[in-house]
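Shown next, in structure tokens, is the structure this report addresses.
There are 2 protein chains.
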Amino acid sequence: RRRSAQPHMPRQFPKVTLSEVEEKTQLLAEKIYASALKEEDTKDVLSMFTVHEDCPIGLQQDKDHELQKGLEEEQSEESAKRRKSLKIIRSQSISLQIPGSTDSSRVDGVLPLMSSSYMSSSGLETLPDFQRVTISGDYCAGITLEDYVQSAESLFKALLLREKYSKLAYHRFCRTTSQTRVALHATMLWPPDMCPCPADGEDPYSMEVIDFGHVLAMIADGPMKTYCHRRLNFLSSKFYLHEMLNEMAELKELKSVSHRDFYNVRKVDTHIHAAACMSQKHLLTFIQTTYKKDADRIVLEKGGRKMTLQQVFQSLNMNPYDLTVDSLDVHAGRHTFHRFDKFNAKYNPVGANELREIFLKTDNYINGEYFAQIMKEVAHDLEESKYQYAEPRLSIYGSSPDEWESLAKWFINHKVYSPNMKWMIQVPRLYDIFKSKKLVPNFARMLENIFFPLFEATLNPQKHKELHIFLKYVSGFDSVDDESKHSDHMFSFRSPKPEQWTTDDNPPYSYYIFYMYELGLSTFQFRPHCGEAGSITHLVSAFLAADNISHGLNLKKSPVLQYLYYLTQVPIAMSPLSNNSLFLEYSKNPFRDFLHKGLCVSLSTDDPMQFHYTKEPLMEEYAIAAQLWKLSTCDVCEIARNSVLQSGLGHQEKKHFLGVNYLKDGHEGNDIRCTNVAQIRMAYRHETLCNELSFIVDVMKSKGIGSLQEYHD
Amino acid sequence: RRRSAQPHMPRQFPKVTLSEVEEKTQLLAEKIYASALKEEDTKDVLSMFTVHEDCPIGLQQDKDHELQKGLEEEQSEESAKRRKSLKIIRSQSISLQIPGSTDSSRVDGVLPLMSSSYMSSSGLETLPDFQRVTISGDYCAGITLEDYVQSAESLFKALLLREKYSKLAYHRFCRTTSQTRVALHATMLWPPDMCPCPADGEDPYSMEVIDFGHVLAMIADGPMKTYCHRRLNFLSSKFYLHEMLNEMAELKELKSVSHRDFYNVRKVDTHIHAAACMSQKHLLTFIQTTYKKDADRIVLEKGGRKMTLQQVFQSLNMNPYDLTVDSLDVHAGRHTFHRFDKFNAKYNPVGANELREIFLKTDNYINGEYFAQIMKEVAHDLEESKYQYAEPRLSIYGSSPDEWESLAKWFINHKVYSPNMKWMIQVPRLYDIFKSKKLVPNFARMLENIFFPLFEATLNPQKHKELHIFLKYVSGFDSVDDESKHSDHMFSFRSPKPEQWTTDDNPPYSYYIFYMYELGLSTFQFRPHCGEAGSITHLVSAFLAADNISHGLNLKKSPVLQYLYYLTQVPIAMSPLSNNSLFLEYSKNPFRDFLHKGLCVSLSTDDPMQFHYTKEPLMEEYAIAAQLWKLSTCDVCEIARNSVLQSGLGHQEKKHFLGVNYLKDGHEGNDIRCTNVAQIRMAYRHETLCNELSFIVDVMKSKGIGSLQEYHD
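Residue numbers (this note's numbering), protein chains in the order written: chain G, 861 to 1573; chain W, 861 to 1573.
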């Protein structure tokens, strides 16, 4: 070609004249060039070419700028038009990018559950626009057909099992998930005897052991583990993508909601113990002020001797005025980590159980007057905050049948009721202690002490007025104690029945769980502590028997259970700060991971007296999580929404706090003006859950199409 | 309800009889229960409930098991049927999950480029099945409309610019990317004067400066940075998802290819310097054996005095038999990091440039005989290996016009030709030295010395036989030196022309690049060292002027440039081990990141003598990368394929090594029997690139539909 061939060097050309635009570009270019040269030397962190990811301020500024522009564009009609046309063009290019998408091999209305939320005219119109991550192609993520089919069937069976138990107990069962079965029933004859309920006169308890065994067998099955592990990994990365693509859009939604932010969305502290629900400072002040006015009041009877408050302090030879939070020593710390025993001792102010007896008990010489006062002060603070609610645990031990009566009296006489509190009954697993003290002859008696009074109160309310009223404000049962305590007894259908359980040993966790489930049936929600430590089997029992659980840390250890808890959206009230002092370092806490995957998690305080410093422990719990895990506003509001959903608050309250349609799935169930959760987020969660379920449905359908009888023999 | 209401505790029921299956499950369950209890105590790492992610062996076993099963299923017709039916069901559930997917707002054939590879009957049939990640919904990932449109336009302009320069120089330009423009031309009247080529008599050089300025301005533009940064993040996570979903499927493909594995796919070392292409051990042995037979041969003339090999060693007072690789000291190490000067000294065996002169030069007293012998030994090893190729650099300095003639003679007389080698000419940027030595009066003379001989040889081959033949085996030019050397001169259209460049200062990098591009035009590929260190502007020049580059580390620093290099698939030959000794720690090397995002990267050795230990430096480079970055077989084979593509090997060889259709896009261009790269991977890469380009196309289309004249004024 011309130039390269001819050897006249150097060539001369008439100078090119630059247009004005070009001149400008040149000047800019030279500026940049100059700074580029400078930069080489002064390795500047905030380069003009890179995106400053590690500079929070820079990042924030970028975000704000983008958001600002975005909101402005929202207003402008012009850009609205352009956006629309671009979206159409976009959808075209995408459709052309999905291989074979043009030859529409599509049949509609196969899966009512999939379509339900979209096809419902209302749903489709209000469905938010956002970037959806879709995986199309193979039948399932790189897993062999056989393993996939097996896993899907087992999972399906597990879903049926939980649903069965939820129904019996009027527990909530994830609506979307339930529709899976419905959908299948609709499209095929489902073998009715797959998960039979106990026939009349059949021992439901044995059934439970069998079902427990089924689930237990699943979680150790190799292919199942692989499948669930893969699905969970997928959920993580899918959310990561979703956030990356839609963070700004979600934020825009929130900004456009007036009068609503994280501070004024409802949040419920769904896991908190009454005896430790006040801050250490609060307790200290209360003790001191009480001493001022009541020094000479008789507050304790010890070894037949009546003691005044002053005498009590003298016997402990200390002066209440000199007390500090340090000498009070009710706060957990490094030395309680993995030492539940030491932690429990923390319930005793200045290590003296006299003070605990006087100030933190409902049933003492002063009939729990002081404790009632503290509770009311805590309640008052909640009412002041207006948007914070709590479900404090009060103890029923089962050592005597009279506990209920006195607890109810305490509640009624001291008027402890508060609109911002729902009450939970916690039952410590202390059979072995009562037995050794000869308070009960066998386990059955302990259960009777706990549940008989309820039945009686139900049968003749007149005879048990206080209890009958009190129960109105009790939303559920909790089973509490150190899960890491080991039991040698193996729970099976060979285990002795409660009335035959006469040894001094404590029954294992699962044994407690299933009996409490059985007896609480239909009367109360069962919301045990579970998976804070100890055996993985605890989480299996709870999967069947619990409405929702507290802690759930050990789900980390079993992908199968974690995936089952996701599919069935079993609510999990987690308390990272509590765990941090007892069983698991904050940074290792799976809360964030669970949240991102889409498990129904919420934040709760457990024991503010031991774990928190501020007057607003719940907010403290949220704040720290948000800081350390860089949670977005949408994230924390989603958590708050979960907490309301799983709480014992009534239907009317939930309608008021979450929106009238809160029972509906996905974005239709969300009123952003109440929850401040982006519709995009809601739609994402719902569509993602539907997608996971569809993998199971697909298999069951193909089964249905194929050989159904397999189940009948 | 019945039971919960009646207070007869405990209830007795007839024992349930267990079916055989249930009995089995129970026994299994009890086994698991037992081990679960045991596990609490012995916190076993290989729990039976978790997936052992941190246990490589366990992982490997799982994978093998899965793969085995998978392959067996491949055979079975039965499961083939089931897979098929499941896939159909799957596609149905998905279509129901994509909101509004039923109301098909689709127009076909909008974007030839998108459809081309799928719709071409052949393509669609052979298109592999795999899990595709699709993002549908908004017009673009959470970025404001204005920023998006701006960015897309700028990017499009940049693509046009590179394409222009590639065309002029017969450089390769990514076919898919080129089709973007074609597609648009087809669908709209493109303003012809957007990126004009220099009209006759116009100074193309000034044009280059203007274009250089345009791109330079882009990479510092805020919205552009954000946009590209987001797209790159997306590419990373998308690949992560792809791998997670299709790893097993890709592996299956590879396993089913017989007689082909990573060891026998072709790999080209596209960046290696002749003077350091042998291992230090090899050099040592060669020196010693040579000494044995040639001790008394005159090998050097120094200060008018002729010296034998023996005399040389005496003058250095050392005995060749005592030499070790340590005393040879040609190997880079910790002390060369960020010290290019020290590194360059390493070219001198035992720090004596006499030995370098004798053994590593083509133009010395013995006419480079020894060097030729070493080169032939290296070549021999490559031929033995059969599948490894190299493109060693030989130097042309431009200090005198005779260099070419003598280099060609060396090549011809010593018969250095090898079928496994292509030759590259490296031009060190040493103008300042030659000028100070009065070897050249100005920069133009240096250029003349480098390029005139070529033109002359082209014009009368008879007069320059050797050179004419030698040039047959030369594939391209390289521009080399320490990029971190700083130049104060700012490259602009005010810069003096070469013949006016008479100062002693060295011209800046970009100045070298554009002149070498200009003069190499059409005759040779231009493949400079670029982005190893120094100013980001180097990568801007290369983006326009280079066919492909070596190193490219600094792309890390500019998302815009990185994204441009991705979109145009500019090949990048990276040498992590070399970088590790000079400019960047191995762990911080962006190679893996670039590979995953889909940049066209390959691995090369740079200087085996300094950086490698084994007899197979290229394999060593691959092995270390594979180990440290856990690259899959498909990954390394993809890298090897890239190396062949970007090499100077001829069309026939590439057809033979990559498959007859290697010029086609995506999976159609790949012959897995040659490359051992999974069709799934190829399809993924292609579809992903198309998707990224479609974002740009969408905007240009909407522009086209909208106001075209914008460009005309």
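Built from N, CA and C at the ideal position, the CB exists for glycine as well.
Values in this document were obtained by computation on a predicted structure and should not be read as measured data.
If you compare alpha carbons, which of the options is closest to residue i?
i: residue 1454/G; options: 1425/G, 1002/G and 1303/G; result: 1425/G
i: residue 1549/W; options: 882/W, 1446/W and 1036/W; result: 1036/W
i: residue 1032/G; options: 1429/G, 952/G, 908/G and 1284/G; result: 1429/G
i: residue 1078/G; options: 881/G, 1423/G and 1186/G; result: 1423/G
i: residue 1444/G; options: 1414/G, 1466/G, 1467/G and 1100/G; result: 1414/G
i: residue 1395/W; options: 1069/G, 997/G and 908/G; result: 908/G
i: residue 1526/G; options: 1534/G, 1112/G and 1539/G; result: 1539/G
i: residue 1447/G; options: 1400/G, 1487/G and 997/G; result: 1487/G
i: residue 1025/W; options: 1109/W, 1384/W and 1406/W; result: 1406/W
i: residue 1211/G; options: 1101/G, 1193/G, 1188/G and 1019/G; result: 1188/G
i: residue 1234/W; options: 1219/W, 1242/W and 1223/W; result: 1219/W
i: residue 1150/W; options: 1480/W, 1229/W, 1510/W and 1003/W; result: 1229/W
i: residue 1364/G; options: 1135/G, 1293/G, 1309/G and 1347/G; result: 1293/G
i: residue 1369/G; options: 1347/G, 893/G and 1360/G; result: 1347/G
i: residue 1194/W; options: 1184/W, 1183/W and 1206/W; result: 1206/W
Cβ of residue i within 8 angstroms of Cβ of residue j?
i: residue 1432/W; j: residue 1449/W; result: no
i: residue 1441/G; j: residue 1464/G; result: no
i: residue 1528/W; j: residue 957/G; result: no
i: residue 1248/G; j: residue 1491/G; result: no
i: residue 1466/G; j: residue 1131/G; result: yes
i: residue 1552/W; j: residue 1216/W; result: no
i: residue 1268/W; j: residue 1137/W; result: no
i: residue 1085/W; j: residue 1400/W; result: no
i: residue 1140/G; j: residue 1190/G; result: yes
i: residue 1337/W; j: residue 1403/W; result: no
i: residue 1489/W; j: residue 1541/W; result: no
Using DSSP bridges, identify the partner residues of residue i.
i: residue 1168/W; result: 1158/W
i: residue 1250/W; result: 1129/W and 1281/W
i: residue 1390/W; result: 1411/W
i: residue 995/W; result: 993/G
i: residue 1339/W; result: 1287/W
i: residue 920/W; result: None, per the DSSP bridge assignment.
i: residue 1096/W; result: DSSP, once it has assigned bridges, lists no residue as partnering residue 1096/W.
i: residue 1255/W; result: 1286/W
i: residue 1010/G; result: Looking at the DSSP assignment, residue 1010/G forms no beta bridge with any residue, so it has no partner.
State yes or no: is the C-beta of residue i nearer than 7 angstroms to some heavy atom of the ligand ADP?
i: residue 1182/G; result: Looking at this structure, you won't find the ligand ADP or any other ligand, since it has none at all.
**Request:** Assess, as a yes-or-no matter, whether the segment 1453-1467 of chain W is touched by the segment 1091-1102 of chain W under the definition of 3 or more beta carbon pairs within less than 8 angstroms.
**Result:** yes
**Asked** Are three or more beta carbon pairs between the segment 927-937 of chain G and the segment 1111-1121 of chain W nearer than 8 angstroms?
**Response** no
**Request:** Specify whether the segment 1252-1263 of chain G and the segment 1293-1313 of chain G touch according to this definition: at least 3 beta carbon pairs, one from each stretch, less than 8 angstroms apart.
**Result:** yes
**Message:** Runs of 4 residues minimum, wholly inside the segment 1423-1448 of chain W: which ones carry the alpha helix (DSSP H) assignment?
**Reply:** 1436-1442
**Contained beta strand (DSSP E) runs [length at least 3] in the segment 1279-1337 of chain G, N- to C-terminal order** = 1283-1288
**Request:** Mind listing, in chain order, the continuous beta strand (DSSP E) runs of no fewer than 3 residues lying wholly within the segment 1119-1160 of chain W?
**Result:** 1127-1133
**Item:** Segments assigned beta strand (DSSP E), at least 3 residues, entirely inside the segment 1439-1503 of chain W
**Value:** 1461-1463
**Request:** Report yes or no: do the segment 1068-1078 of chain G and the segment 1493-1504 of chain G share at least 3 C-beta pairs separated by less than 8 angstroms?
**Result:** no
**Message:** Would the segment 1321-1334 of chain W count as touching the segment 1358-1376 of chain W if we require 3 or more Cβ pairs under 8 angstroms?
**Reply:** no
**Message:** Could you check whether the segment 1334-1354 of chain W touches the segment 1285-1296 of chain W, counting it as contact only if at least three pairs of C-beta atoms, one from each stretch, sit closer than 8 angstroms?
**Reply:** yes
**Request:** Would you be able to state if there are at least three C-beta pairs under 8 angstroms between the segment 1156-1176 of chain W and the segment 1269-1286 of chain W?
**Result:** no
**Message:** Would you call the segment 1506-1516 of chain G in contact with the segment 1165-1185 of chain G, where contact means no fewer than 3 C-beta pairs closer than 8 angstroms?
**Reply:** no
**Request:** Check whether the segment 994-1009 of chain G touches the segment 1107-1115 of chain W, counting contact only when three or more Cβ pairs, one atom from each stretch, lie closer than 8 angstroms.
**Result:** yes
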